[in-house]
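Everything below concerns the one structure shown next.
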Amino acid sequence: MFTAADFIPNTYTSTVENGNFEWSAPSNIALVKYWGKKDNQIPANPSVSFTLNNCKTITKLGFEKRASQNSFSFDLLFEGKPKEDFKPKIQKFLERVEVYLPFLKDYHFTIDTQNTFPHSSGIASSASGMAALAMNFMSLEKLLNPEMTDEYFYQKASLLARLGSGSACRSVKGNVVVWGNQANIEGSTDLFGVEFPYVIHENFKNYQDTILLVDKGEKQVSSTVGHDLMHNHPYAERRFAQAHENLDKLITIFESGDLEEFIKVVESEALTLHAMMMTSMPYFILMKPNTLQIINAIWKFRNETNIPVCFTLDAGANVHVLYPENVSEKVLQFIQDELVVFCQNRQYICDKIGEGAIAL
Numbered sequence: 003m004f005t006a007a008d009f010i011p012n013t014y015t016s017t018v019e020n021g022n023f024e025w026s027a028p029s030n031i032a033l034v035k036y037w038g039k040k041d042n043q044i045p046a047n048p049s050v051s052f053t054l055n056n057c058k059t060i061t062k063l064g065f066e067k068r069a070s071q072n073s074f075s076f077d078l079l080f081e082g083k084p085k086e087d088f089k090p091k092i093q094k095f096l097e098r099v100e101v102y103l104p105f106l107k108d109y110h111f112t113i114d115t116q117n118t119f120p121h122s123s124g125i126a127s128s129a130s131g132m133a134a135l136a137m138n139f140m141s142l143e144k145l146l147n148p149e150m151t152d153e154y155f156y157q158k159a160s161l162l163a164r165l166g167s168g169s170a171c172r173s174v175k176g177n178v179v180v181w182g183n184q185a186n187i188e189g190s191t192d193l194f195g196v197e198f199p200y201v202i203h204e205n206f207k208n209y210q211d212t213i214l215l216v217d218k219g220e221k222q223v224s225s226t227v228g229h230d231l232m233h234n235h236p237y238a239e240r241r242f243a244q245a246h247e248n249l250d251k252l253i254t255i256f257e258s259g260d261l262e263e264f265i266k267v268v269e270s271e272a273l274t275l276h277a278m279m280m281t282s283m284p285y286f287i288l289m290k291p292n293t294l295q296i297i298n299a300i301w302k303f304r305n306e307t308n309i310p311v312c313f314t315l316d317a318g319a320n321v322h323v324l325y326p327e328n329v330s331e332k333v334l335q336f337i338q339d340e341l342v343v344f345c346q347n348r349q350y351i352c353d354k355i356g357e358g359a360i361a362l
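Positions in the sequence shown are counted from 1; adding 2 to them yields the working numbering.
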């Protein structure tokens with residue numbers, strides 16, 4: 003099994019003065035939710051997610067060698083303009099990953115980043131943002147160590163991304179990604195995300211995710227605070243066990259293509275996540291009235307039509323509507339007719355399963 007020490011380099015065989023890279027990395031939506039973490043961004047339970055295709059962050063990294071090496075040096079641009087309030091998060095990330103990337107203080111970096119989805123649209127951009135940044139840093143390390151294998155490159159990129167934002171490790175490679183130690187999933191680890199290693203039925207190829215923007219405001223509860231609430235949570239241990247059970251169920255479901263069982267696991271996971279928030283101390287309700295309206299409308303529509311559409315939620319009010327590609331037309335019509343009325347400014351985003359980070 004890997005340990006974090008396996009990703010600490012000894013020496014570099016090459017040098018490089020300056021240059022730039024550009025990567026895009028997508029957001030992802032967890033089916034089995036990660037909620038609660040240990041030190042060093044280690045998950046309290048395993049999770050599995052669909053990688054998205056359209057909602058992504060595009061980050062360009064410029065770098066040049068510098069004389070002084072006693073601190074990190076970087077400029078941060080968001081959509082071409084300096085963005086000071088993002089800088090502390092990047093600073094913290096650099097501090098966490100320096101042991102794995104010992105060259106970081108040798109360069110001045112210009113990080114220029116943008117999202118393909120509206121900022122603060124209530125879609126988690128930390129996953130895509132940290133994954134894109136990690137890919138760029140790994141590209142620089144590959145110049146310094148040209149013998150690096152592709153496998154090492156992607157595993158380490160995922161490990162670095164995790165240290166920026168836990169779920170970012172699921173945005174690096176693959177369309178269905180597992181993060182966290184799971185006895186029945188070969189190669190699974192707490193250190194980085196791995197591509198789901200078993201058969202995935204045709205039903206789940208090109209699965210669709212339409213994201214209904216119920217509330218585009220700032221997050222009510224930061225992820226860090228939310229995860230911390232699991233430390234003394236009365237139901238934490240049972241929840242962690244449930245995540246393992248649901249992940250085992252999904253192994254069978256992905257192979258058989260059983261959409262009915264898929265829906266049960268995915269919706270139950272979404273509601274459990276919110277139940278944990280409602281039963282923590284302090285407690286929070288992250289759904290909005292319109293979130294519940296949408297959920298009830300989806301249940302009614304599914305009962306009346308037998309169309310296998312379901313929902314999942316992140317730690318917020320927005321609803322991810324999940325459905326197979328072959329029912330897209332009917333589901334999109336239903337969204338138009340009955341659900342957009344519950345979205346802020348009638349806004350929603352059409353997405354689907356994607357492949358992970360791409361060098362541009």
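Where a beta carbon is used, it is the ideal one built from N, C-alpha and C, also for glycine.
Own chain partners of residue i with C-beta closer than 6 angstroms, once the 5 adjacent residues on each side are dropped
i	result
S169	A129
K266	none
C57	S29, F119, I125 and D353
A134	W25, A27, T59 and T61
S282	L231 and H235
R172	N30, S51, V179, W181 and G195
Q157	F194
Backbone CA spacing between residue i and residue j [nearest angstrom]
i	j	result
A319	L215	8 angstroms
P104	L165	15 angstroms
I296	L33	18 angstroms
M3	E19	36 angstroms
S190	S75	35 angstroms
F155	M140	7 angstroms
Y109	V99	15 angstroms
H322	A277	18 angstroms
W301	L273	14 angstroms
L79	F88	9 angstroms
E239	A185	17 angstroms
L193	E306	44 angstroms
N248	Y102	33 angstroms
N138	A6	20 angstroms
R68	D8	28 angstroms
E153	V178	17 angstroms
E220	P11	39 angstroms
Beta-carbon spacing of residue i, residue j below 7 angstroms
i	j	result
G176	G358	yes
L362	S26	yes
F198	V174	no
W37	L275	yes
S16	L146	yes
T212	I337	yes
S49	G182	yes
I187	F256	no
G131	S160	no
F344	N292	yes
Contacting residues, own chain, Cβ-Cβ under 8 angstroms from residue i (five flanking each side not counted)
i	result
M280	F286 and I287
Q222	F286, L288 and G318
P148	T15 and S16
M150	E143 and K144
K290	V216, D217 and A319
S127	S29, T59, N117, F119 and H121
Close beta carbons around residue i, own chain, < 7 angstroms, minus the five adjacent residues each side
i	result
K39	P45, A46, G168 and H229
S73	K107
V71	The residue asked about is misnamed: residue 71 is Gln in this sequence, not Val. Excluding sequence neighbours, Q71 sits near K107 and D108.
L341	L214, I296 and A299
Y325	Q210, P310, V311 and V333
H246	N47, P48 and Q184
Where residue i falls: helix, strand or coil (DSSP)
i	result
H110	strand
Q116	strand
C57	strand
G166	helix
C171	helix
P233	For the record, residue 233 in the displayed sequence is His; it is not Pro. It is coil, neither helix nor strand.
T314	strand
I253	helix
K332	helix
G64	strand
I287	coil
N30	strand
D353	strand
Q184	coil
D211	strand
K266	helix
W37	coil
A361	strand
P199	coil
Y154	helix
Check: residue i C-beta below 6 angstroms from any heavy atom of the ligand SAH
i	result
N22	Questions concerning the ligand SAH fall outside what the structure shown contains, since it holds no ligand whatsoever.
Q.
For the segment 83-91 against the segment 33-46, do three or more pairs of beta-carbon atoms, one drawn from each stretch, fall closer than 8 angstroms, so that the two count as touching?
A. No, the segment 83-91 is not in contact with the segment 33-46.
Q.
Does the contact criterion of 3 or more C-beta pairs under 8 angstroms hold for the segment 224-232 versus the segment 200-208?
A. As far as the Cβ criterion goes, the segment 224-232 does not touch the segment 200-208, which means the pair count is below three.
Q: Evaluate contact between the segment 56-64 and the segment 100-119, counting only Cβ atoms and requiring at least three cross-stretch pairs below 8 angstroms.
A: Verdict: yes, contact present.
Q.
When you compare the segment 309-318 with the segment 260-274, are there three or more beta-carbon pairs, one atom per stretch, that lie closer than 8 angstroms?
A. As far as the Cβ criterion goes, the segment 309-318 touches the segment 260-274, which means the pair count is three or higher.
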